[in-house]
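**Q** Here it is, the structure, as structure tokens.
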Amino acid sequence: MKTVILSHADCDGLCSAAVAKAKFRDAEVFFTKPVSFLGDLQSTEADRIVIADIAITRKDAKSIADTLRKKSASAEILYFDHHIVPDVITEKELSASVTYIHGKDVSASELIYRHFQKEIPKERIWIALYGAIGDYEDDSPFVQERLANWDKRALYFEVSTLILGIKNKEFATYDAKRDIVETLAIGKNPSDIPGLVRSAKQAVTREFELYEFVKKHAEKIGKIGVIINLPHFGFRGPAALFAANVMKTDVGLMLNERGEHIDVTARKRNSSVELNRMMEECAEAVGGSGGGHASAAGARIPKNALDKFMHLANKYIS
Ligand SMILES: [Mn+2]
3 MKTVILSHAD
13 CDGLCSAAVA
23 KAKFRDAEVF
33 FTKPVSFLGD
43 LQSTEADRIV
53 IADIAITRKD
63 AKSIADTLRK
73 KSASAEILYF
83 DHHIVPDVIT
93 EKELSASVTY
103 IHGKDVSASE
113 LIYRHFQKEI
123 PKERIWIALY
133 GAIGDYEDDS
143 PFVQERLANW
153 DKRALYFEVS
163 TLILGIKNKE
173 FATYDAKRDI
183 VETLAIGKNP
193 SDIPGLVRSA
203 KQAVTREFEL
213 YEFVKKHAEK
223 IGKIGVIINL
233 PHFGFRGPAA
243 LFAANVMKTD
253 VGLMLNERGE
263 HIDVTARKRN
273 SSVELNRMME
283 ECAEAVGGSG
293 GGHASAAGAR
303 IPKNALDKFM
313 HLANKYIS
């Protein structure tokens with residue numbers, strides 16, 4: 003029986019895939035992301051497909067629901083996700099054809115671990131905890147209770163090694179990430195992966211350098227701290243957070259100009275604003291798209307729409 007795991011390539015996605023791989027030892031692991039999910043799903047041929055941590059975009063939602071329904075005739079499909087379900091489809095529609103496990107305010111890693119916990123070694127809970135921390139979803143009751151069973155400090159060392167370590171080029175390839183998934187699935191830890199601790203140290207050094215850069219170059223647009231274009235790619239979240247920090251604002255944005263559009267990364271400090279909704283609403287109003295999580299979100303907008311976008315974003319948070 004051929005099993006394929008389709009997951010996201012960030013910390014939560016890797017950990018979700020590792021939990022699935024702990025259960026389905028012979029599974030092949032592939033990585034995808036919301037924009038390419040539909041195509042990747044269509045080209046996946048397997049008897050069982052496990053999907054984790056992949057958001058459904060509004061644009062592709064109907065086609066994805068359709069594809070899932072068609073594929074479910076010949077394959078068992080399990081889908082674990084914690085992103086907002088776009089309003090053009092319903093959870094019910096999805097769960098009619100596939101096992102669709104959805105949660106809010108929990109990581110995908112937690113959802114998939116809870117589903118398989120009786121069928122995999124008890125220590126694989128570590129992977130779920132790493133995924134939860136990686137996605138800032140470690141305050142769920144399940145995770146808080148489990149964290150108390152272990153030495154948190156050791157777990158934080160391991161999860162930091164994973165989150166920071168994969169920020170380096172050396173671990174950016176899907177092959178390197180597949181190795182990480184396999185290592186975690188067999189019960190080893192991120193620090194067991196050759197080179198990952200060193201890579202994490204390099205990343206954290208660059209992160210502190212980044213803070214110095216943001217401190218010098220951040221600006222305030224209305225009530226939002228903003229940093230435009232970074233010397234390094236891959237540190238957009240921390241840069242947005244640092245922009246909020248140094249500008250003493252609740253919300254920070256990192257704006258990255260790419261050709262004719264701008265990629266926006268949003269983070270917040272102490273604010274109840276839901277950044278995913280804010281990004282979605284403000285970006286769509288200017289002809290872009292946005293989404294993500296309440297405390298970590300992003301958008302892509304046309305370059306010439308920046309002023310209007312910033313105006314709407316400011317209006318949204320006040
Ligand atoms: Mn996630």
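Residues in the sequence shown are numbered from 3 upward in steps of one, following our numbering.
Quick reminder that beta carbons are idealized off the backbone N, C-alpha and C, glycines included.
Quick one: using the 10 Å Cβ neighbour count with 16 as the cut-off for buried, is I122 buried or exposed?
**A** buried
**Q** Nearest by alpha-carbon distance to N306: which of N316, E276, I264 is it?
**A** Nearest Cα to N306 within the set N316, E276, I264: I264.
**Q** Hey, would you say the C-beta of D42 is under 6 Å away from at least one heavy atom of ligand 1?
**A** Outside the cutoff, so no.
**Q** Using a Cβ-Cβ cut-off of 7 Å, state whether G136 counts as contacting chain D.
**A** Protein chain content of the structure displayed is limited to a single chain, and chain D is not contained in it.
**Q** By Cβ distance below 6 Å, which residues in the same chain neighbour A11 in space, the five residues on each side in sequence not counted?
**A** F33, K179
**Q** Could you check whether S297 and Y81 sit closer than 7 Å to each other, using their CB atoms as the reference points?
**A** no
**Q** Enumerate, from N- to C-terminal direction, the unbroken beta strand (DSSP E) stretches of 3 or more residues contained entirely within the region 203 to 290.
**A** Taking only runs of at least 3 residues, the beta strand (DSSP E) segments lying wholly in the region 203 to 290 are 221 to 223, 226 to 230, 253 to 260, 263 to 270.
**Q** Does the distance from the CB of A20 to the CB of L149 come in under 7 Å?
**A** no
**Q** Tell me, please, whether the region 21 to 31 touches the region 49 to 59 by the rule of three or more beta-carbon pairs shorter than 8 Å.
**A** Between the region 21 to 31 and the region 49 to 59, the count of Cβ pairs shorter than 8 Å is three or higher; the stretches touch.
**Q** Answer yes or no: do A202 and G167 have a C-beta to C-beta separation smaller than 7 Å?
**A** yes
**Q** Using C-beta distances below 8 Å, list every residue in its chain close to H219, excluding the 5 sequence neighbours before and after it, in chain order.
**A** I229, I230
**Q** Short of 6 Å in beta carbon distance, which residues of its chain neighbour I127, apart from the five on each side in sequence? Order them along the chain.
**A** R148
**Q** Could you tell me if P196 is buried or exposed, where buried requires 16 or more neighbouring beta carbons within 10 angstroms of its beta carbon?
**A** exposed
**Q** Out of G261, M249, G41, which has the shortest C-alpha to C-alpha gap to K270?
**A** M249
**Q** Whole angstroms are fine: how far does the CA of G292 sit from the CA of E286?
**A** When rounded, the distance between both Cα atoms is 7 Å.
**Q** Could you give the residue range of the beta strand (DSSP E) that holds I51?
**A** Element bounds for I51: 50 to 54.
**Q** Hey, could you find the ends of the alpha helix (DSSP H) F311 is sitting in?
**A** 308 to 319
**Q** So for F333, helix, strand or coil by DSSP?
**A** The structure shown does not extend to residue 333, since the chain spans only 3 to 320, so no value can be given for it.
**Q** The beta strand (DSSP E) spanning T5 covers which residue range?
**A** 5 to 9
**Q** Would you call A98 buried or exposed, if buried means 16 or more other Cβ atoms sit within 10 Å of its Cβ?
**A** exposed
**Q** Is the separation between the beta-carbon of A110 and that of D83 shorter than 7 Å?
**A** Yes; because the gap between Cβ atoms is below 7 Å, this pair is in contact.
**Q** Tell me, please, which residues DSSP counts as bridged to H104.
**A** D83
**Q** With 16 other CB atoms within 10 Å as the buried threshold, where does S38 fall?
**A** exposed
**Q** Under 8 Å by Cβ, that's how I've got V87 and E93 pegged, so tell me the actual separation to the nearest angstrom.
**A** 6 Å
**Q** With a floor of 4 residues, list each alpha helix (DSSP H) that falls wholly inside the region 170 to 202, ordered by position along the chain.
**A** 176 to 187
**Q** For R302, list the residues DSSP reports as bridge partners.
**A** D265, S291
**Q** According to DSSP, is E78 helix, strand or coil?
**A** strand
**Q** Hey, V253 and V288 are a contact pair by Cβ (cut 8 Å); roughly how many whole angstroms apart?
**A** Rounded, the Cβ-Cβ distance is 17 Å, inconsistent with contact.
**Q** Restricting to Cα atoms, I'd like to know which of L232, L43, K317, P143 is closest to D325.
**A** No statement about residue 325 is possible, as the shown extent of the chain runs from 3 to 320 and does not include it.
**Q** To which residues of the same chain is G136 closer than 6 Å at the C-beta, ignoring the five residues directly before and after it?
**A** C13, D14, I165
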